[in-house]
Amino acid sequence: MLVELTIRRTAGDPLPNSPVDGIRILALLPRKWRKDLKNVTGDIAIRVQTDEETTDAQIRAEVTQILTNPEVSDWELVTCRTLTNGRP
């Protein structure tokens with residue numbers, strides 16, 4: 000499954016063009032997921048490729064749990080949008 004996560008800062012001003020928080024979030028995501036990071040006008044957009052058995056609800060739950068970590072707790076998951084089912 001391929002999904003795009005949009006993550007937005009909940010506290011303070013976003014730091015434009017700063018990938019530091021995005022890199023922190025990437026590091027906390029499961030290693031088995033393929034990930035691609037980009038900043039979009041202060042938000043963080045991450046594309047995640049998982050196996051076909053993983054559902055978008057499972058991805059959303061995992062990311063929501065990760066965002067409770069103190070180093071990234073000032074970010075929240077805004078969207079978890081399915082891009083494709085992962086099949087070529």
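Residue numbers 0 to 87, in numbering that gives the first Met the number 0, belong to the letters of the sequence shown in order. All C-beta atoms in this analysis are idealised placements derived from N, C-alpha and C, irrespective of residue type, glycine included. Just so you know, these numbers come straight off a predicted model, no measurement behind them.
Exclusion of the five residues before and after T5 leaves D42, A44, V77 and T78 as the residues of its chain whose Cβ lies within less than 7 Å of its Cβ.
In the structure shown, the three-state DSSP call for L27 is helix.
Separation of A10 and I65 (C-alpha to C-alpha, rounded to the nearest whole angstrom) is 17 Å. Exclusion of the five residues before and after R80 leaves V2 and E3 as the residues of its chain whose Cβ lies within less than 7 Å of its Cβ.
In the DSSP assignment, L66 forms no beta bridge with any residue. By the 16-neighbour rule on beta-carbons within 10 angstroms, E61 is buried.
Here the alpha carbons of E52 and A26 stand approximately 22 Å from one another.
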